[in-house]
Amino acid sequence: MWEIFSYSFMQRAFIVGNVIGIAAPLIGVFLNLKRLSLLGHALSHIALAGVAIGIFLGMNPVILALMVSTGAGVTIEKLRQTGYKNYAELPLAIILATGLGVATIFISLADSNVAIYSYLFGSISLVTQEDLWIIVPLGAVVLGGILTFYYGFFFLAFNEEEASLAGVPVKILNYLFMIMIAIVISLSMRIIGGLLIASLIILPVAASLQIAGSFRGTVIWSTIFGLIAVNLGLIISFYRDLAPGGTIIIVAVTLLIFSLLWKSFGQKGGRKNE
Amino acid sequence: MSMQPVIEIKNLYFSYERDWVLRNINLNVEKGEFLAFIGPNGSGKSTLFKLILGFLYPQKGSIKVLGDNVKEFSRWNKVGYISQNVKDFNQSFPATVKEIVGANLYKKMGFLKILNSDLEKEIVRVLKLVNMEKFKDRPIGKLSGGQQQRVFIARSLVNEPEVLLLDEPLVGVDQEAQREFYRTINWLHHELQITIIMISHDINVISAEVNRVVCFSGGEIYIHCAGEFDFKDYLEQVKHENKLLIPRHEHGRE
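What follows is the structure in structure tokens.
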């Protein structure tokens, strides 16, 4: 049973997986409540462009993904605050298209598509010791950022205008938030894969919204679901030799179905008249 | 009346694109006043709120809030604002009453922006003022429109505001909840001496509550002391002409 933990590549996969399993749903709570769930897709596509550029130039793909997606996140926020203030989703579509276009060009320029394939769908064996030195500290930065500005992000998700009156530094926190999403997505490319990470940002939150009665509860349940999905997904993918990203996402979908059933049966039991 | 108006608007002009939405607006709101902004949709009432709150800036003229130019003003926690939340906020937003009220204490939170026990006591105190303390752990979306509005009043009170701006707060709220709302607002006005400006279409009800009425029409405002304003005449005009014409108003009387 414990042989899975005796392999050093699996140890690295679990460390990175748990960092992502906490960070992705945590950031996803604020993202989904801001009704920007497409943002995860947009940034993961641009991060994929970063990976393709990195592979083409022979540089660390995670670092390139980090740089490109952070730049894209800041650009989206700039567009949201200026030219497309009333079209919140338009900047996301622009960045998504740009990312896919750039990624396609660099993938076609590369000699082999094997490496990029693993970044699309994730791979357990891909996490290196060098990655740990990048992913763990940056994951800690994201967690620290969320904890430090928890109520600020909460108020931003509820109502930006009212948040600004309460003294929340709206512009700064919006930029910080974009940077943190870009970090989480870039860090997740190794295990979850660029095509699937947006799902890990959305699914645990969707499940927790069915059962939580408070914002704090939503945050806690999202994190629990994220951790269960990642750990169970990694174990199943190891023993069944399945793609880790896909397995993690299917576990997350299963948790969502259970939460929907739980809510459905709970309501049949009678909802209090409030 | 104090020497320093709570809000001072001078020669203000504002347009979103070409035409002036507001023209040559002059208005002083004194401490302790209760003002009603009335007028048809699109007459600039909510735009003037947004200008006072610094969400928009005027093309010409100036606005001072609590003595400071709105562009430099920083004590926004002293300005309570209740938007048409009941109508437009996400009813399935997963937050409790306590979390909604607590968010307004952002500036009083420490380095880690979380609620400590002192701040939690403060939340309970303001919820008691609006008789909502027993609902503090309920999800906001599970409350009635009137209860939600009282929670938003509590949220604005948590920073002990000097002025409250209410933008059509009773849209979608039933009659009994409206009466409860006016009782609360009157108490805030008389007991806590909070200056109140309220946008409302409910002219009959509001006529009994306010000190002055500011009518918006054609980008201009017409100011009346409550006792002088003929609400019946006003309603007749709106009813018959389907627009606001106020021929007998003295413009900009201050």
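As you go down the protein sequences, you meet chains A and B in turn. Residue numbering for the first sequence is 85 to 358, as defined by our numbering. Residue numbering for the second sequence is 289 to 542, as defined by our numbering. Beta carbons are placed, not taken as given, at the ideal position from N, Cα and C, and that holds for glycine.
In the structure shown, the three-state DSSP call for E456/B is coil. Nearest CB-CB separation between Y234/A and chain B: below the 7 angstroms threshold. A residue is called buried when at least 16 other Cβ atoms come within 10 angstroms of its Cβ; G350/A does not meet this threshold and is exposed. According to DSSP, residue pairing for P427/B in a beta bridge involves T384/B. As summarised for the stretch 124-205 of chain A, the continuous alpha helix (DSSP H) elements at least 4 residues long and confined to that stretch are 145-165, 174-193, 198-205, given in chain order. Counting along the chain, the unbroken alpha helix (DSSP H) around T232/A starts and ends at 213-232. Around the beta carbon of M143/A, fewer than 16 other beta carbons lie within 10 angstroms, which makes this residue exposed. Along the stretch 446-467 of chain B, none of the residues has a CB nearer than 7 angstroms to a CB of chain A. Sequence-distant partners of K118/A (beyond 5 residues in either direction) whose C-beta falls short of 8 angstroms from its own C-beta, in its chain, are L240, A241. Residues of the stretch 245-269 of chain A that bring their beta carbon within less than 7 angstroms of a beta carbon in chain B comprise E245, E246, L249, A250, G251, V252, in sequence order. At a C-beta separation below 9 angstroms, T302/A has these neighbours in chain B: P382, A383. For Y394/B, the closest Cβ of chain A is nearer than 7 angstroms.
For A313/A, the CB contacts under 8 angstroms within the same chain, skipping 5 residues up- and downstream, are G105, L284, L287, P288, I332, I333, V335, A336, L339 in chain order.
Here G433/B is not near S380/B, since their CB atoms are 7 angstroms or more apart.
The beta carbon of Q347/B lies closer than 7 angstroms to those of Y301, F302, S303 in the same chain, with the five residues before and after it left out. Rounded to whole angstroms, S121/A and S488/B show a C-alpha spacing of 36 angstroms. Pairing V158/A with I275/A gives a Cβ-Cβ distance that is not under 7 angstroms.
With a threshold of 7 angstroms between beta carbons, S298/A makes contact with chain B.
If you draw a straight line from the Cα of T188/A to the Cα of E87/A, it is about 39 angstroms long. Check the Cα spacing between A465/B and each of T483/B, A383/B, L431/B: the tightest is with L431/B. Going by C-alpha positions, V451/B is about 21 angstroms away from I491/B.
Only residues of its own chain outside the window of five on either side were considered, and among them F114, F299 have a CB closer than 8 angstroms to the CB of F238/A, listed in chain order. Under the 8 angstroms Cβ criterion, the stretch 354-361 of chain B does not count as touching the stretch 265-275 of chain A, having fewer than three qualifying pairs. Under the three-state reduction of DSSP output, F399/B falls in the coil class, being neither helix nor strand.
Between A324/B and V459/B, the gap from beta carbon to beta carbon reaches 7 angstroms or more. Excluding the 5 residues flanking it on each side, S306/A has same chain C-beta neighbours closer than 6 angstroms at P109, V113, P288, V289, S292, in chain order. Interface residue (Cβ-Cβ distance to chain A less than 7 angstroms): L476/B is not classified as such. At a cut-off of 7 angstroms between C-beta atoms, L240/A does not count as an interface residue with respect to chain B. Using beta-carbon distances, N365/B counts as an interface residue toward chain A, with a partner under 7 angstroms. Within chain B, no C-beta atom comes nearer than 9 angstroms to that of N170/A; the closest sits roughly 12 angstroms away. One thing to note: E296/B has its Cβ within 7 angstroms of the Cβ of K352/B. Residue range 299-324 is occupied by the alpha helix (DSSP H) that includes I320/A.
By the beta-carbon neighbour count (other beta carbons within 10 angstroms, threshold 16), Q292/B is exposed. A324/B sits in a strand when the DSSP states are folded into three classes. At a cut-off of 7 angstroms between C-beta atoms, L293/A counts as an interface residue with respect to chain B. By the CB criterion at 7 angstroms, K347/A and Q294/A fall inside the cutoff.
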